[in-house]
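Protein chains in written order, with UniProt numbering: chain A, 1 to 471; chain B, 1 to 471. Working notes, structure below.
Number of protein chains: 2
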Amino acid sequence: MREEPYKQELRSIVGDAFFKDDAESLVTHSYDGTPMLQKLPDGVIYPKNTEQVSQIIKVLGKYGIPLISRGSGTNLCGGTVPVQGGIVMVMHRMNAILDVDMQNLTATVQPGIITKKFIEHIENLGLFYPPDPSSMAISTIGGNIAECSGGLRGLKYGTTKDYVIGLECVLASGEVLRTGGKLTKDVAGYDLTKLLIGSEGTLAVITEATLKLIPPPKYKKTMLAMFKDIYGAARTVSKIIENQIIPATLEFMDNPTIRVVEDFSKLGLPLDVAAILLIEQDGELEMVERDIAKMAEICKEELADRVSVASSQEEALKLLTARRSAFTALARLRPTTILEDATVPRSRIADMVLEINRIAQKHNVQICTFGHAGDGNLHPTATTDARDEEEIHRVEAAFEEIFEAAIRLGGTITGEHGVGMVKAPFLEWKVGSAGIEIMKNIKHAFDPQGLLNPGKIFAKETRRRVVIDHG
Amino acid sequence: MREEPYKQELRSIVGDAFFKDDAESLVTHSYDGTPMLQKLPDGVIYPKNTEQVSQIIKVLGKYGIPLISRGSGTNLCGGTVPVQGGIVMVMHRMNAILDVDMQNLTATVQPGIITKKFIEHIENLGLFYPPDPSSMAISTIGGNIAECSGGLRGLKYGTTKDYVIGLECVLASGEVLRTGGKLTKDVAGYDLTKLLIGSEGTLAVITEATLKLIPPPKYKKTMLAMFKDIYGAARTVSKIIENQIIPATLEFMDNPTIRVVEDFSKLGLPLDVAAILLIEQDGELEMVERDIAKMAEICKEELADRVSVASSQEEALKLLTARRSAFTALARLRPTTILEDATVPRSRIADMVLEINRIAQKHNVQICTFGHAGDGNLHPTATTDARDEEEIHRVEAAFEEIFEAAIRLGGTITGEHGVGMVKAPFLEWKVGSAGIEIMKNIKHAFDPQGLLNPGKIFAKETRRRVVIDHG
């Protein structure tokens, strides 16, 4: 059988070595970091430069074939599953650091660079790029931009959107668009840079990014506070912010999370406490000392069982690494791990934890909670088994109620993971029907044929509001 | 003659007292802070709440009448001139501070609140809202959001877009849309909040905003450095950033600006220097001391004539106020003052100043330059006379070349003033034809009838590229 003409055209752009449609390539690109979602693409392509991306988009546009651009696929919202088939475009070959500008404190990179590799490169030059998603050892900067990734340092330093100041992208037409630049200020027309960040590959394909760098903090201290009362820990979070302290990190782990993290990392974490707060402050020495002392005081006021300051950078790093491993550690418990990211105003953390526990109990499912408490971004995580249909239904029902609770508390359905397929049925709860309509219009403005990552963000049908049973 | 039906409908929404179409009201709303632009509207309306805004938009949509929403009209891009007639909607009655949330460090306000009044209110509560446009004594928060206003503190703290985390707005359909919330993280769909910021009233009418507040810096020091060589001052700016110091303020004034500011403010500024840098650092005491000392050293390396640290908060405030008065002071020189804001990467400040002076000389026009040097945002300001047509043509030709030079140096046509009418012919130079097309599509996605602030951002025709004469 002769190969379809569009595939021949794609091969002629990138060469045979960089277009694949063998069974193995299709299967390995049929899923991403999200459990229970899979669909085979029709091919996988690896462009080496912007010009090739443009040519590929033009060919796919001509034939009406969907295009799913992706990095390492570490997202947790089904953002890169080729749910309507089509061609998966992997950006890994476009992984150069094109420029680090020490005068303007910017870096310009291609999208396929691994986040951690980029961060290490920058740190070796004595500079600082704060966004640090937990997946950063594997994720790409392009993927971080597509999903507007957060991370542990988001509370004090902001997320990916706060550090991207210029983009090059290829539009659905194949045209190349450049936005922003090495500029901290630019109000020439609508802010397309910010619109593209977090647009999940549905508006354009990002081919280059200019990132803002900042001077690194001079000192850092790390502290652990253990609580017998989970709500004491949650109240501590609110009180710290209320005292006008913005720590570099303010992470929360509940008891089930502590248990698996300890089992995984052997740090000697106590197994008998209800919650741990992992707190970091960085900056000038006197401020770090003052803030750490004040936060320790607040922890004690909220009846922390124990407060301990890491004695060395190594110990601090171990603690942070342990926290970052929470997802991996939880994933060992049972066959399927569903990590969510309901987000609330910081003042409602205690209420949200209470709600999550109540809902988990009601549906008889196991949900551990950890997350970036300082910005109200919790990761309730269900450990379950995808093969047990009945249990999965209970897990889904519980998460529906959790999202409902987040909205009710003034929060949102996703703080940093994105909408993708997983949150699409709930998006209207947050943005309303007027918001959905405007977003669909924007999508159409960029991608009239609907070929860029179709089936994401917008659901065929909005999930009905679940009536919360307060009984 | 009976009044037109749409006017009757508007009166019935707000009451006779709040719809005006007498000659005086029309004239006073026919212009804004921008010189040489004027057009009479057909009426002026003052809504008191979101519901009225929605009703007004529906009526105007039904009759196909343009709507120009505005605050105090301090913009400098012709952003609120009713260039196609229609109804000017003044937001001053909607000026409440609805909520200051000390737990989440947010404030929720109506758009008509005066910026300075809001900042003072927040500071009295011990909190900090950094965006400080020079017009802040008159401008409104709603206007700041529409134009994405910057200010003196933008270098270290960012501009309006970095502090708006939620919006309520009324769409062209009359529907009310809510975006974001009291959330530092929210990735539920496209970032409509950031898209609306800086959209200059062309996408929706902002009726409420939730703003992020931060803890105020503990200490502050202010320093003046005088330079005999203007490029020494410009190089100092680059060197400060290169040394990884991000000062709170890093302002530049050239000699003509110093002269008028001194004449206006009687501070004893030296009149024989080529340029002054006004430098502030804030934060922790030890860091402020260290940074000020290091910056003084850099100034001396670049042959600063004199470096003096303000001896008191009062003196520092006087210096800042003097800098803020530059526009007002320059406006006294000649009948017409045209203040622009070409912006370049910080490392190109010296080149840009050189270009501005060369271009001014070539066209024999008087251009003073001051501005936010730390973020590459310069305000070349022409003092001229609108009645002298020949001179105005020379001024316009000079500014065209200045924008061209900014683009050539990797900059933009506007760093903080917006596009409005003034920059519309140049927008394509920055964003390209693909950018213009996408922006027009976005405009259409929000406002299919084209009634929201028509005639702004998009020009009928792009100004041809000026060929720079390097002779």
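All C-beta atoms, glycine included, are put in the ideal place defined by N, C-alpha and C. Just so you know, these numbers come straight off a predicted model, no measurement behind them.
Have a look at residue i and residue j and give me their C-alpha separation to the nearest angstrom.
i: B:L10; j: B:A360; result: 48 Å
i: B:I68; j: A:L278; result: 50 Å
i: B:S265; j: B:A322; result: 6 Å
i: B:P35; j: B:P454; result: 19 Å
i: B:D305; j: B:I145; result: 40 Å
i: A:G82; j: A:S30; result: Going by the sequence as given, residue 82 of chain A is Pro instead of Gly. Answer to the nearest angstrom: the Cα atoms are 6 Å apart.
i: A:M89; j: A:T384; result: 32 Å
i: B:G411; j: A:D101; result: 15 Å
i: B:E302; j: B:H379; result: 23 Å
i: B:L409; j: A:L183; result: 11 Å
i: A:G154; j: A:T249; result: 8 Å
i: B:N357; j: B:I367; result: 8 Å
i: B:A434; j: B:K460; result: 16 Å
i: A:Q244; j: A:V288; result: 13 Å
i: A:K185; j: A:Y219; result: 29 Å
i: A:Y63; j: A:T202; result: 18 Å
i: B:L195; j: B:G418; result: 14 Å
i: A:D272; j: A:I241; result: 27 Å
i: A:S25; j: B:K161; result: 42 Å
i: B:G142; j: A:R178; result: 29 Å
i: A:T28; j: A:E200; result: 20 Å
i: A:I258; j: A:L269; result: 7 Å
i: B:P215; j: B:F458; result: 39 Å
i: A:V466; j: A:Y157; result: Because A:V466 carries a pLDDT of 47, less than 50, the predicted location of this residue cannot be relied on, and the following value inherits that uncertainty. One C-alpha to the other measures close to 35 Å.
Quick one: what does DSSP say residue i is sitting in, helix, strand or coil?
i: A:L67; result: strand
i: B:S25; result: helix
i: B:M295; result: helix
i: A:D42; result: coil
i: B:R306; result: strand
i: A:V83; result: coil
i: A:Q18; result: The amino acid occupying residue 18 of chain A in the given sequence is Phe; Gln does not appear at that position. In the structure shown, A:F18 sits in a helix (DSSP, three-state: H, G or I).
i: A:E3; result: coil
i: A:G151; result: coil
i: A:I468; result: Confidence at A:I468 is low in this model, with a pLDDT of 41, below 50, so its placement is unreliable and no value can be given for it.
i: A:I206; result: strand
i: A:V90; result: strand
i: A:T160; result: helix
i: B:T343; result: strand
i: A:T412; result: strand
i: A:E200; result: coil
i: B:R290; result: helix
Locate the beta strand (DSSP E) running through residue i, then write down its first and last residues.
i: B:R178; result: 176 to 180
i: B:V109; result: 106 to 109
i: B:I113; result: Where B:I113 is concerned, there is no enclosing beta strand (DSSP E), given that its DSSP letter is neither H nor E.
i: A:T336; result: 336 to 339
i: A:L98; result: 97 to 101
i: A:E168; result: 164 to 170
For the alpha helix (DSSP H) that contains residue i, what are its first and last residues?
i: B:E400; result: 389 to 408
i: A:T328; result: 326 to 331
i: B:G154; result: 154 to 157
i: B:L196; result: 192 to 196
Any heavy atom of the ligand ATP closer than 8 Å to the beta-carbon of residue i?
i: B:V237; result: No copy of the ligand ATP appears in this structure; indeed no ligand is present at all.
- Item | Contacting positions in the segment 435 to 458 of chain A - beta carbon closer than 9 Å to chain E | Going by chain labels, chain E is absent from the structure shown, which instead holds the protein chains A and B.
- Item | Length-filtered (3 minimum) beta strand (DSSP E) runs lying within the segment 208 to 284 of chain B | 219 to 227, 249 to 254, 275 to 283
- Message: Which runs of the alpha helix (DSSP H) at least 4 residues long sit entirely within the segment 115 to 139 of chain A? Give them in chain order.
- Response: 115 to 124
- Inter-stretch contact at 8 Å, needing at least 3 Cβ pairs: the segment 47 to 60 of chain A / the segment 203 to 215 of chain A: yes
- Query: Can you list, in chain order, the stretches of the alpha helix (DSSP H) that have 4 or more residues and sit fully within the segment 348 to 386 of chain B?
  - Reply: 349 to 363
- Item | Minimum length 4: unbroken alpha helix (DSSP H) runs contained in the segment 418 to 456 of chain B | 427 to 446
- Is the segment 435 to 454 of chain B touching the segment 104 to 111 of chain B, taking contact as three or more C-beta pairs under 8 Å? In this structure the segment 435 to 454 of chain B does not touch the segment 104 to 111 of chain B; the number of beta carbon pairs closer than 8 Å is below three.
- Decide if the segment 309 to 326 of chain A is in contact with the segment 11 to 21 of chain A; the criterion is three or more beta carbon pairs, one per stretch, under 8 Å apart. no
- Query: Okay, do the segment 128 to 143 of chain B and the segment 166 to 173 of chain A touch, 3+ Cβ pairs below 8 Å being the bar?
  - Reply: No contact exists between the segment 128 to 143 of chain B and the segment 166 to 173 of chain A.
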